[in-house]
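**Student:**
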Amino acid sequence: MNLRTRYLGLELKNPLVPSASPLSRSLDTAKRLEDAGAAALVMYSLFEEELRHDHDVMDSYLHNQSLGHSEATSFLPMHGDMPSRQDRYLEQLQRLKQTLGIPVIASLNGVTPGGWIEYGKALQQAGADALELNVYYIAGDVNVSGADVEQRYVDMLQELRQHVSLPVAMKLSPQFSSVSNMVGRLEQAGAAGVSMFNRFYQPDIDLDSLRVSPQLHLSSSAESLLAMRWIAILFGRVKLTLAATGGVHTHSDALKMLLAGADVVHLCSTLLLHGPKQLAHILQGMEDWLDDSPYESVEQLKGVLSQRHAGNVSASAYARANYLQLLDSYPPGAGN
Numbered sequence: 147m148n149l150r151t152r153y154l155g156l157e158l159k160n161p162l163v164p165s166a167s168p169l170s171r172s173l174d175t176a177k178r179l180e181d182a183g184a185a186a187l188v189m190y191s192l193f194e195e196e197l198r199h200d201h202d203v204m205d206s207y208l209h210n211q212s213l214g215h216s217e218a219t220s221f222l223p224m225h226g227d228m229p230s231r232q233d234r235y236l237e238q239l240q241r242l243k244q245t246l247g248i249p250v251i252a253s254l255n256g257v258t259p260g261g262w263i264e265y266g267k268a269l270q271q272a273g274a275d276a277l278e279l280n281v282y283y284i285a286g287d288v289n290v291s292g293a294d295v296e297q298r299y300v301d302m303l304q305e306l307r308q309h310v311s312l313p314v315a316m317k318l319s320p321q322f323s324s325v326s327n328m329v330g331r332l333e334q335a336g337a338a339g340v341s342m343f344n345r346f347y348q349p350d351i352d353l354d355s356l357r358v359s360p361q362l363h364l365s366s367s368a369e370s371l372l373a374m375r376w377i378a379i380l381f382g383r384v385k386l387t388l389a390a391t392g393g394v395h396t397h398s399d400a401l402k403m404l405l406a407g408a409d410v411v412h413l414c415s416t417l418l419l420h421g422p423k424q425l426a427h428i429l430q431g432m433e434d435w436l437d438d439s440p441y442e443s444v445e446q447l448k449g450v451l452s453q454r455h456a457g458n459v460s461a462s463a464y465a466r467a468n469y470l471q472l473l474d475s476y477p478p479g480a481g482n
């Protein structure tokens, strides 16, 4: 049985790749993920807001030094003694590369084009095998059009690609008016892959304190269906590699993504819930299923049930054809 696949130009031993999460902050946990069978690892994200904060703190520090309080400032660390978040991220990347024998993909999370050139170059020099660009942008301004939002993604990618030779994956939101067109534009702009889909965490309202509070709700398997649908639609229509992310908890979820056309499957919530051993459990389940199937490799399995290859009946399920039929099939009162 051959589980090998390709993603972002990287040869991987299987399609299971832990996505950006706190798990990669620990060398021990990262090594346990590799031992469980992870084919690559996406690091936790380097956030634009954190880098801006570091810059603002340093500006304030240097300004206060210039005021002439020599005795007070003598107790402050020298600039070079204050490691920034970027420095710590680069150090962790280097440690992961030294510890692991699998590719390490760095993750950049931001909303503006300007700063990513410097960070991308630094990550490349530190040994990253690829970059994932996560444009976490909420278009709340009524004066910003959908075309403006799309152009922001394209501009960030093009600017980065001009200065960084590493393969770049774009982590996308499902909220584009035309997902297929957007993926095609990103491919033309130089993306080596897309990760579908980014999961925007939603704030909640606390009725007791009357405050808006951030909430973290881990995914469920049902959420994987959105990515599965779009991967099935895109398979064979674009040349860049496709990663499924969001809602993959079991070997069944992972296999469905591959049948739809995914090159790799990202895992996060299920690993946070159950630990690195869950990856080995998913991998074993995939191997057992493949043993009983007519397929001898992941490459044979990939895209078999995509819209392009599924035939007229199955292909229509990815479009609008079954919408009314599905609604009518739900019996009244079934939820009672």
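Just so you know, our numbering puts 471 at position 325 of the sequence shown, and the rest follows in order with no gaps. Yeah, the Cβ is synthetic: ideal placement off N, Cα and C, and Gly gets one too. These figures come from a predicted structure and were not determined experimentally.
Please give the ranges of any alpha helix (DSSP H) in the stretch 258 to 306, keeping only runs that are unbroken, at least 4 residues long and fully inside the region.
**Tutor:** 262 to 272
**Student:** Taking only the alpha-carbon atoms, compute the straight-line gap between A315 and M328 and give it to the nearest angstrom.
**Tutor:** 13 Å
**Student:** DSSP has D409 in a bridge; who is on the other side?
**Tutor:** The partner list for D409 (beta bridge, DSSP) is empty, contrary to what the question assumes.
**Student:** Looking only at its own chain, which residues have a Cβ that is under 7 Å from the Cβ of H215, when we skip the five neighbours before and after it?
**Tutor:** Since pLDDT at H215 reaches only 45, below the 50 mark, its modelled position is unreliable, and no value is offered.
**Student:** Taking 6 Å as the limit between beta carbons, can you name the residues of its chain near G292, skipping five residues before and five after?
**Tutor:** S323
**Student:** For D181, which residues from the same chain have a beta carbon less than 7 Å from its beta carbon, with the 5 sequence-adjacent residues on both sides left out?
**Tutor:** none
**Student:** Below 7 Å CB to CB, which residues in the same chain sit around V450 once its five sequence neighbours on both sides are set aside?
**Tutor:** L405
**Student:** Whose CA, out of L425, H420 and L413, lies closest to the CA of V188?
**Tutor:** Considering only alpha carbons, the answer is L413.
**Student:** Could you give the DSSP three-state label for N255: helix, strand or coil?
**Tutor:** strand
**Student:** Using alpha carbons as the reference points, say which of L419, L169, L429 and G266 lies closest to H363.
**Tutor:** L419
**Student:** Flag this pair as touching only if the stretch 160 to 178 and the stretch 420 to 429 have three or more C-beta atom pairs under 8 Å; answer yes or no.
**Tutor:** yes
**Student:** According to the neighbour-count rule (16 or more other Cβ atoms, all chains shown, within 10 Å of its Cβ), is F346 buried or exposed?
**Tutor:** exposed
**Student:** Measuring straight from C-alpha to C-alpha, what distance separates I428 and E445?
**Tutor:** 18 Å
**Student:** Measuring CB atoms only, is the stretch 150 to 157 touching the stretch 390 to 401, in the sense that at least three cross pairs come out at less than 8 Å?
**Tutor:** no
**Student:** Taking the alpha helix (DSSP H) that V329 falls in, what are its first and last residues?
**Tutor:** V325 to Q334
**Student:** Ignore the nearest five residues each way along the sequence and tell me which others in S366's own chain have a CB closer than 7 Å to its CB.
**Tutor:** G393
**Student:** Note down, in chain order, each residue of its chain lying with its Cβ closer than 6 Å to the Cβ of S341, except the 5 sequence neighbours on either side.
**Tutor:** So the qualifying residues of the chain are A315, K317, A389 and T391.
**Student:** Short check: CB of L303 to CB of A268, under 8 Å?
**Tutor:** No.
**Student:** Going by DSSP, what residue range makes up the beta strand (DSSP E) through K317?
**Tutor:** Where K317 is concerned, the enclosing beta strand (DSSP E) stretches over V314 to L318.
**Student:** From the DSSP output, read off the bridge partner residues of P168.
**Tutor:** P168 pairs with nothing; no bridge assigned.
**Student:** Is it buried or exposed, T245, if we count other Cβ atoms within 10 angstroms and call 16 or more buried?
**Tutor:** exposed
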